[in-house]
Amino acid sequence: MQRTMIKQALASTAPLDGVLVRGWVRTRRDAKGFSFLEINDGSCLANIQVIVDDQAPAHGAIKSINTGASVEVEGALTASPGKGQQWEIHVARLELVGAADQDSYPLQKKRHSDEFLRGIAHLRPRTNKYGAIFRVRSEAAFAVHQFFRDRGYFYLHSPIITGSDCEGAGAMFRVRAAVPAANRTAENQAGPGFFGKDAYLTVSGQLSAEVFASALGQVYTFGPTFRAEDSNTPRHAAEFWMIEPEVAFADLNANMDLAEAFLKGLVNHLRRHCAEDLALFARFVDPQLETTLDNLTAAPFARLPYREAVKILAEAGSAFQFPVGFGCDLQTEHERYLTEQVFKKPVMVFDYPKSIKPFYMRLNDDAETVAAMDVLVPRVGEIIGGSQREERLEVLERRLDELGLRREDYWWYLELRRYGSVPHAGFGMGFERLLMLVTGITNIRDVIPFPRTPKSLEF
Ligand code: 4AD
Ligand code: MG
């Protein structure tokens, strides 16, 4: 008999004589004459109820089937008289596949704290909330690809090991060949290493994306990125995934249009395809979730220059921990104030001071700001950062010099400006920040299967 996923069984429009499901037992309840099992196979949030008759030959194994055990069940899909479910399975055959010790299985039928569940990251996907998070994460990845594919973008695999610091922030992890302790010498520890020069894990695929946008027109990357910022915040991870579209013949306005369409498209897609899972978050995680997402898709995002944002913040009189003024980087508290209190929807802040942005952003005519833009959303703050890129060779070279970056290190990047240079723009969206936005989860550690953060590398 062919296996049925519980999601399909529950969506059945008619009773079925023979179904076979496999999954993990969430609960077992013994009643007079029957036992009830709630089984979940991960295909959806809902469990299927399974009824084992005391008299049935299947009943033999029942006492050893506890919460956490894996089972295979064959039987009839029957209309359920019980509340809250349309279908149940009346068991003809029940098999214990893998037992779970009742006394030591950590996921008992009660609410566990997120902290506790982080400590058992190998088991937490079996809970309702984390199962939902990681189904949404999977769907969101497909939605990203679909969005760009529908618009004729090409998917670029940018390198993970790199020799250049794209963001110039220096928060990079170094890569070296691992030499067994016994074979270490002063030379192989200090020398130029495997690649003959310093190598790092990438902080961004942007520079590669610019190369390919200058050939294929419109591309995007979607891969892991790494930052060695030693900041233990609920929004930063040492390893996270970023989506970076890059478009040739595009300016900052086109970039903001794309960012807005992208974010709205993803939210709409996920509300359509993950309704059941998102309902769980709206119920148990963030009661404001529906409103936040409604406000995100209902109206155009606010767009305002950095200067005006700073003015609003300075006049706000709110007790910010960090003072604001032209030239200061916006902190999460400022970002959240703008999007949650002032505009109550996403805000795109643009034209930031050049002093707080990387070398590649296009210098504006005021020579003081660059054509940068950040998208700020409620609860999360910055979800997207991007810019129009400096396409003028002399201006870019001057900028590298100013920042003490060596032109030789960027020779190929500079050549893009020497041969057929075009105005172009792009941005990066933190994939986990998107997931935090749509699920209401407030800690980035809880939307990553196995989070990597300072002092934490279990699993
Ligand atoms: O603003 P960032 O640093 O921009 C770039 O890396 C550009 N090269 C992107 C581009 O223009 N192609 O990072 C982009 C986004 C941020 O807005 C944020 O959502 C996310 O990446 N991000 C992080 N997410 C989780 N943990 C971290 N440590 C993150 N750092 C950035
Ligand atoms: Mg940024």
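Numbering of the sequence shown is given in the working numbering, commencing with residue 31 and proceeding in unit increments.
Heads up, the beta-carbon is just placed ideally off N, CA and C, and yes, glycines get one too.
Only a predicted model underlies this, so the values are computations on that prediction, with no experimental measurement involved.
- For aspartate 228, the distance from the CB to the nearest heavy atom of the ligand MG is not below 8 angstroms.
- Just so you know, the alpha carbons of serine 188 and phenylalanine 64 end up roughly 57 angstroms apart.
- For methionine 286, no beta strand (DSSP E) run applies; the uninterrupted alpha helix (DSSP H) run containing it begins and ends at 282 to 303, by DSSP.
- Comparing alpha carbon positions, the residue from Ala129, Val80, Ala61 closest to valine 51 is Val80.
- In chain order, Ala332, Leu368, Thr369, Leu406 place their CB closer than 6 angstroms to the CB of valine 377, counting only its own chain and leaving out the 5 sequence neighbours on each side.
- Going by DSSP, valine 174 is part of the alpha helix (DSSP H) stretching over 158 to 180.
- For threonine 399, the pairing in a beta bridge is given by DSSP as Pro383.
- Boundaries of the beta strand (DSSP E) around tyrosine 250: 248 to 256.
- In this structure tyrosine 382 is not in contact with valine 354, their Cβ atoms being roughly 13 angstroms apart against a cut-off of 8 angstroms.
- Contact between methionine 202 and tyrosine 230 holds: CB atoms are separated by about 4 angstroms, below the 8 angstroms threshold.
- Screening all residues for a C-beta within a distance smaller than 7 angstroms of any heavy atom in the ligand MG leaves Asp404, Glu412, Gly415, in chain order.
- The continuous beta strand (DSSP E) containing aspartate 83 extends over residues 78 to 83.
- Under the DSSP assignment, leucine 107 falls outside any alpha helix (DSSP H), being part of the beta strand (DSSP E) whose first and last residues are 100 to 109.
- Here the distance from the Cβ of serine 234 to the nearest heavy atom of the ligand 4AD is below 8 angstroms.
- By the neighbour-count criterion, in which a residue is buried when 16 or more other Cβ atoms sit within 10 angstroms of its Cβ, histidine 152 is exposed.
- Using a Cβ distance threshold of 9 angstroms, leucine 186 and valine 233 do not count as a contacting pair.
- Not one heavy atom of the ligand 4AD is found less than 8 angstroms from the C-beta of histidine 364.
- Secondary structure note for histidine 187: it is in no alpha helix (DSSP H), with a DSSP letter that is neither H nor E.
- A distance below 6 angstroms between beta-carbons, with the five flanking residues on each side excluded, links phenylalanine 242 to the following residues of its chain, in chain order: Leu186, Val249.
- DSSP, read as helix, strand or coil, puts arginine 463 in helix.
- Linking alanine 289 to lysine 37 through their CA atoms gives a straight-line distance of about 34 angstroms.
- Boundaries cannot be given for arginine 437, as no alpha helix (DSSP H) includes it and DSSP labels it neither H nor E.
- The residues Ile163, Val166, Phe311, Val315, Val477, in chain order, have a CB closer than 7 angstroms to that of threonine 469 in the same chain once the five nearest residues on each side in sequence are set aside.
- In the three-state reduction of the DSSP assignment, glutamate 276 falls in the strand class.
- Of the candidates Glu420, Phe461, Arg436, the residue whose Cα lies closest to the Cα of arginine 448 is Glu420.
- Look at leucine 430 here: in three-state DSSP terms it is helix.
- Annotation for histidine 175: Tyr185, Phe252 place their beta carbon closer than 8 angstroms to its own, counting only its chain and skipping 5 residues before and after.
- Beta-carbon to beta-carbon, proline 254 and glutamate 269 are separated by about 6 angstroms, close enough to satisfy the 8 angstroms threshold.
- Of the residues Asn96, Lys62, Gly98, Leu40, the one whose Cα lies closest to the Cα of cysteine 74 is Leu40.
- As the crow flies, the alpha-carbon of glutamate 306 is around 25 angstroms from that of phenylalanine 178.
- Checking the DSSP bridge columns, you'll see glycine 235 has no partner listed.
- Sequence-distant partners of glycine 161 (beyond 5 residues in either direction) whose C-beta falls short of 7 angstroms from its own C-beta, in its chain, are Gly72, Leu75, Pro155.
- Annotated three-state conformation of isoleucine 119 is strand, per DSSP.
- Excluding five sequence positions before and after threonine 57, the CB atoms of its chain that fall closer than 7 angstroms to its own CB belong to Glu68, Thr97, Lys139, given in chain order.
- Going by DSSP, glutamate 412 is part of the beta strand (DSSP E) stretching over 411 to 418.
- Serine 486 sits in a strand when the DSSP states are folded into three classes.
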